[in-house]
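Using our numbering, the first residue of the sequence shown is number 426, and each one after it goes up by one.
One structure is given here, and the rest of the page talks about it.
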Amino acid sequence: MNALTKALAGVFLLLSPWFLVQVFILVVAPDEAIEEMPICSDSSSNCAHLGGGEYHRMEVTTVVFEGQSLEATKSLALDYIEEQDGDVLFESESESEYFVHFVEHTPFWLFPDDVFLSITVEDDNSSRIELHSESRLGYGDLGVNPERLELFYEALASD
């Protein structure tokens, strides 16, 4: 075996677990659009939720943005989704409500996590949000979903 062949074999051996995980993810966790806000079960440790009367694994409880319209909140949400390289799977909109389901992927292993946002008009210039983030695979998330919702919340509240 020459040096190039050995190097290529070494690279393949190092990358093969990553490729196997990617194939596994494609087979057992394909993208599927969800059209309504899910909730976390009481015992879930791979999910976080804020708003809609549910506060699972979240410390933030303010869900109304005073002085921030639905359009302004939606614009901030779309900026966040773009910054996070989120893949939008479902989106619906009316004059008084906006809903989006998108997927974020964890670094390196690229595990898919489903993220949801619902924005409703509270009054003339205020909006109410509901957020949900859930790992598609596994039983725990090592705190990723609450952290993601905190970042998303901060992005929405930054106007």
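All C-beta atoms, glycine included, are put in the ideal place defined by N, C-alpha and C.
Note that the coordinates shown come from a computational prediction; the quantities given were computed from them, not determined experimentally.
Following the DSSP letters along the chain, one finds Val540 inside the beta strand (DSSP E) bounded by residues 537-548.
For Tyr564, the closest C-alpha among the options Ser466, Glu484, Glu529, Glu507 is that of Ser466. Excluding its 5 nearest sequence neighbours in each direction, Val453 has C-beta neighbours in its own chain below 8 Å: Leu562, listed in chain order. Beta-bridge pairing by DSSP links Tyr523 to Glu518, Ile544. Sixteen is the threshold: since fewer than 16 other Cβ atoms of the shown chains lie within 10 Å of the Cβ of Asn427, the residue is exposed. Counting only the Cα atoms, Asp512 lies some 10 Å from Asp539. Collapsing the DSSP output to three states places Glu572 in a helix. The three-state reading of DSSP puts Phe490 in strand, counting E and B together. A distance below 7 Å between beta-carbons, with the five flanking residues on each side excluded, links Thr486 to the following residues of its chain, in chain order: Tyr480. Between the alpha carbons of Glu496 and Ser558 lies a gap of roughly 22 Å. Boundaries of the beta strand (DSSP E) harbouring Ser551: 551-560, taken from the DSSP string. Under the three-pair Cβ rule at 8 Å, the segment 509-526 does not count as touching the segment 431-445. In this chain, Ala454 is not harboured by any alpha helix (DSSP H), its DSSP state being neither H nor E. Taking a C-beta distance under 8 Å as the contact criterion, Leu542 and Val528 do not qualify as a contact pair. In the DSSP assignment, Gly476 is bridged to Glu479.
Rounded to whole angstroms, the gap between the alpha carbons of Leu556 and Leu567 is 19 Å.
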